[in-house]
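Here's the structure, in structure tokens; my notes come after.
There are 2 protein chains.
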Amino acid sequence: MEVIKGGVTAAKGFWAAGAEAGVKYRNRKDMAMIYCPTPCRAAGVFTSNVVKAAPVLWDKEIVEKGNGVQAVVVNSGIANACTGKTGYAYCRQTAEAAAAALGIPADGVLIGSTGVIGMQLPMDRITEGVRKLAAAVAPGAEAGHTAAQAIMTTDTVPKETAVKLTVGGKEAVVGGMCKGAGMIHPNMCTMLAYVTTDVNISAALLQEALSADVQDTFNMVSVDGDTSTNDTLLVLANGLAGNPEITEKNEDYAAFCAALHAVNETLSKKIAGDGEGATALFETKVIHADTKENAKKLAKSVITSNLTKAAVFGHDANCGRIMCALGYSGVQFDPERVSLWLESAAGKILVYEDGLATDYSEEEATKILSCPEVTALVDMKMGDCEAAAWGCDLTYDYVKINADYRS
Amino acid sequence: MEVIKGGVTAAKGFWAAGAEAGVKYRNRKDMAMIYCPTPCRAAGVFTSNVVKAAPVLWDKEIVEKGNGVQAVVVNSGIANACTGKTGYAYCRQTAEAAAAALGIPADGVLIGSTGVIGMQLPMDRITEGVRKLAAAVAPGAEAGHTAAQAIMTTDTVPKETAVKLTVGGKEAVVGGMCKGAGMIHPNMCTMLAYVTTDVNISAALLQEALSADVQDTFNMVSVDGDTSTNDTLLVLANGLAGNPEITEKNEDYAAFCAALHAVNETLSKKIAGDGEGATALFETKVIHADTKENAKKLAKSVITSNLTKAAVFGHDANCGRIMCALGYSGVQFDPERVSLWLESAAGKILVYEDGLATDYSEEEATKILSCPEVTALVDMKMGDCEAAAWGCDLTYDYVKINADYRS
Numbered sequence: 004m005e006v007i008k009g010g011v012t013a014a015k016g017f018w019a020a021g022a023e024a025g026v027k028y029r030n031r032k033d034m035a036m037i038y039c040p041t042p043c044r045a046a047g048v049f050t051s052n053v054v055k056a057a058p059v060l061w062d063k064e065i066v067e068k069g070n071g072v073q074a075v076v077v078n079s080g081i082a083n084a085c086t087g088k089t090g091y092a093y094c095r096q097t098a099e100a101a102a103a104a105l106g107i108p109a110d111g112v113l114i115g116s117t118g119v120i121g122m123q124l125p126m127d128r129i130t131e132g133v134r135k136l137a138a139a140v141a142p143g144a145e146a147g148h149t150a151a152q153a154i155m156t157t158d159t160v161p162k163e164t165a166v167k168l169t170v171g172g173k174e175a176v177v178g179g180m181c182k183g184a185g186m187i188h189p190n191m192c193t194m195l196a197y198v199t200t201d202v203n204i205s206a207a208l209l210q211e212a213l214s215a216d217v218q219d220t221f222n223m224v225s226v227d228g229d230t231s232t233n234d235t236l237l238v239l240a241n242g243l244a245g246n247p248e249i250t251e252k253n254e255d256y257a258a259f260c261a262a263l264h265a266v267n268e269t270l271s272k273k274i275a276g277d278g279e280g281a282t283a284l285f286e287t288k289v290i291h292a293d294t295k296e297n298a299k300k301l302a303k304s305v306i307t308s309n310l311t312k313a314a315v316f317g318h319d320a321n322c323g324r325i326m327c328a329l330g331y332s333g334v335q336f337d338p339e340r341v342s343l344w345l346e347s348a349a350g351k352i353l354v355y356e357d358g359l360a361t362d363y364s365e366e367e368a369t370k371i372l373s374c375p376e377v378t379a380l381v382d383m384k385m386g387d388c389e390a391a392a393w394g395c396d397l398t399y400d401y402v403k404i405n406a407d408y409r410s
Numbered sequence: 004m005e006v007i008k009g010g011v012t013a014a015k016g017f018w019a020a021g022a023e024a025g026v027k028y029r030n031r032k033d034m035a036m037i038y039c040p041t042p043c044r045a046a047g048v049f050t051s052n053v054v055k056a057a058p059v060l061w062d063k064e065i066v067e068k069g070n071g072v073q074a075v076v077v078n079s080g081i082a083n084a085c086t087g088k089t090g091y092a093y094c095r096q097t098a099e100a101a102a103a104a105l106g107i108p109a110d111g112v113l114i115g116s117t118g119v120i121g122m123q124l125p126m127d128r129i130t131e132g133v134r135k136l137a138a139a140v141a142p143g144a145e146a147g148h149t150a151a152q153a154i155m156t157t158d159t160v161p162k163e164t165a166v167k168l169t170v171g172g173k174e175a176v177v178g179g180m181c182k183g184a185g186m187i188h189p190n191m192c193t194m195l196a197y198v199t200t201d202v203n204i205s206a207a208l209l210q211e212a213l214s215a216d217v218q219d220t221f222n223m224v225s226v227d228g229d230t231s232t233n234d235t236l237l238v239l240a241n242g243l244a245g246n247p248e249i250t251e252k253n254e255d256y257a258a259f260c261a262a263l264h265a266v267n268e269t270l271s272k273k274i275a276g277d278g279e280g281a282t283a284l285f286e287t288k289v290i291h292a293d294t295k296e297n298a299k300k301l302a303k304s305v306i307t308s309n310l311t312k313a314a315v316f317g318h319d320a321n322c323g324r325i326m327c328a329l330g331y332s333g334v335q336f337d338p339e340r341v342s343l344w345l346e347s348a349a350g351k352i353l354v355y356e357d358g359l360a361t362d363y364s365e366e367e368a369t370k371i372l373s374c375p376e377v378t379a380l381v382d383m384k385m386g387d388c389e390a391a392a393w394g395c396d397l398t399y400d401y402v403k404i405n406a407d408y409r410s
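Respectively, the protein sequence lines represent chains A and B. Note that the working numbering numbers the first sequence so that position 17 is 20, with each residue one more than the last. Note that the working numbering numbers the second sequence so that position 86 is 89, with each residue one more than the last.
Below, the structure written as structure tokens:
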């Protein structure tokens, strides 16, 4: 497996486009399309929020139907959540507009929306946007990059990645794009992620691989603890790599899962590092926990602690807050066995040993915490399970962005 | 029942003091003492954090022993958490110093600490502080107020309240003080609260009344979702009102519970309204939920949502965030039945009706959200259970305070 340039159009047969539709934002691209001339197998995971946006309901149905998917249409600016039957009908209208413009069936069109909750979409602009997208859709890295830009809301950078793998003797690619900076606490956020691959794999195994991997990747990210109404992660597989179809959990499946994991983990970390207002990616790795589940709970409790996040912003090694967040995670453990390191490109220091603060250098700790990627490494000394979770610091800009998001 | 002036010294027989001990802060009082010449029955509830501060361990033992309590010694600045056996021994030394100075048994002395985690207490200054306190301790509102000031950390105001009630034909008082502004998400934070009463009540019923009431008061407050290592709520009852001892759940017990609830709820709201950096108390009331437990989960989910809190700071009626927070609370419900009002001294408006945003006036909503106390009223239309939770807005100052708390 090798990381390559590109994103959602890196795999054979996937086209994309971005367009300015004026849904809510002005003077920027705010609609994106992914298109594949070959029908794709699709797998998806969606928000666990009881309040589910209309496009989430639409996509779940399409994925469950199992027909070939050929297009994804996404808008930023308005989330189409809390919009009732009208909002759902708008999903259908959007799909129908895309189907007509592309000459494909409407039940092969997935929909994504991200932005303000509680507003209806301006359907005239959406359908006009769909026509522009269908006319502009094209293969190549440039087109994929434009799509990744169009789905941004408060994101500061477009988020893409791709890897190359060999499967059944054939070269294949898994690539993807995502967006998400606030309301990010996916259990399955407004996190939208679209992964494409030319690997030939059965629909059942595609879904199984996705459902398993999301537990260790997107679901381990939190910017603010708010699980969105719109979280959607979709994988489309068109089979154009020409490998024999993966229908069992053999080494080809393992190769695909490894590639999918690499793409999902990279996209997850891009979301965490670009969290609203964030100046740093804050990772917590828990090792030697008694169970995987507990390792995950502990790691996630630390990266979601507002006090810890504010301390990371201040480059302040106030690690008692990390001990505190471990303590309220819901996991039982002996505090007097826990050791804790801070780690980054600037070095690594032990700050707590067996539950007690060490005599570490504050200066060195501050240097370590001043890097754009910071890790807290927690040794529970209970077993052999581990997990990582990704968040970001809590900054003035997070408050600024969210105190006047709608204006 | 009637609200009266005063706090921890409002009930007969309770004395208090504050003193400057230089534990960590400079030029301010940082140690407090409550003293009662008459041995008291004591009840307590403590943090659910696995990482428990040394004074929490000490107080639990003292309360469980059930000997008469005669003094409480509290310091601010250092939490005495993650301090191991040494930290626990320091609790004993503090109690012994107080016992010697006051001429009472050491196991009648409760200890409280709040501040930075992971540092050891400077015991020379603590014992000197205890001597000062024992010399200064006095009855009266002034002494109680000084104690309430001395236990503050990032609090901006001292927090006290008291009520008068009649019980068994006698006039009695329940009064209290508390502190807490950050690391506030009591499940049973550094929330320290001390309630005193002259009501004559059995130790068992005192604990039962406290344990029940904390569920609807302090445990429904959240500033930042971080459950502290030090949360402690203690009630001391000296019996000096002269009422026949309350030993069963009769109308005297009900009168005491109502007074205790009034004191606990007022102190809880004072903590929420003075949350670190807060400009507003943000209350969420959920009505017509199917169960009390669900009503509480829903209310708490809204007041802990960072996005909602930031919107309150911005006076922005971005109520989709409230719908979203209800949705990820863990409670199952039909989003299309939920109605939502915003309410404050400036008025009340319906912003969501049956799951859909109404055509409300943004101007009016902003006016309502600009008050120092704001309520979101949520009607679930499922049953007859209700709950309230109290939080605050998320502001630049919260980040500022917590990015450099230790410096």
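By construction, the Cβ of each residue, glycine as well, lies at the ideal position given by its N, Cα and C atoms.
Would you say residue i lies against chain A (beta-carbon separation less than 9 Å)?
i, result
"G323(B)", "yes"
"P161(B)", "no"
"A360(B)", "yes"
"N70(B)", "no"
"M191(B)", "The pLDDT assigned to M191(B) is 40, lower than 50, so where the model puts this residue is not dependable; a value taken from the coordinates is nonetheless given after this. No, M191(B) lies away from the interface with chain A (no Cβ there is under 9 Å from its Cβ)."
"L427(B)", "Absent from the structure is residue 427(B), since the part of chain B shown begins at 4 and ends at 410."
Leaving out five residues on either side along the sequence, give the residues of the same chain with a beta carbon under 7 Å from the beta carbon of residue i.
i, result
"S304(A)", "A328, L329, Y331, S332"
"G71(B)", "P42, C43, G111"
"A139(B)", "A20, A22"
Which class does residue i belong to by DSSP, given the choice of helix, strand or coil?
i, result
"H264(A)", "helix"
"G9(B)", "coil"
"D382(A)", "strand"
"I154(B)", "coil"
"L136(B)", "helix"
"C94(A)", "helix"
"T311(B)", "helix"
"A103(A)", "helix"
I want to see whether chain B comes within less than 9 Å of residue i, judged by CB atoms only; does it?
i, result
"V224(A)", "no"
"A84(A)", "yes"
"G47(A)", "no"
"N309(A)", "yes"
"Y91(A)", "no"
"Y355(A)", "yes"
Taking 6 Å as the limit between beta carbons, can you name the residues of its chain near residue i, skipping five residues before and five after?
i, result
"K273(B)", "K162"
Along chain A, which residues have their Cβ under 7 Å away from the Cβ of residue i?
i, result
"A313(B)", "V402, N405, A406"
"G317(B)", "A406, D407"
"E399(B)", "Inspection of the sequence shows that residue 399(B) is occupied by Tyr rather than by Glu. Within chain A, the residues near Y399(B) are Y399, V402."
I want to verify the contact list: residues of chain B whose CB lies under 7 Å from the CB of residue i, in sequence order.
i, result
"T232(A)", "C327, G330"
"F336(A)", "V53"
"G87(A)", "E339, G358, L359"
So with CB distances below 8 Å, who are the chain A contacts of residue i?
i, result
"N52(B)", "C327, G330, Y331"
Using a Cβ-Cβ cut-off of 8 Å (strictly less than) and excluding sequence neighbours within five positions of residue i, which residues of its own chain qualify?
i, result
"T369(A)", "H318, D319, A320"
"G323(A)", "A360"
"V354(A)", "A320, C322, L343, W344, L345, A360, T361, Y363, A368"
"Y28(A)", "S79, G80"
"D357(A)", "E339, R340, V341, S342"
Mind checking whether the beta-carbon of residue i lies closer than 8 Å to any heavy atom of the ligand ZN?
i, result
"D216(A)", "Among the components modelled here there is no ligand, and therefore nothing to report on the ligand ZN."
- prompt: In chain order, what residues of the segment 119-141 of chain B put their CB closer than 8 Å to some CB of chain A?
  reply: V119, I120, G121, M122
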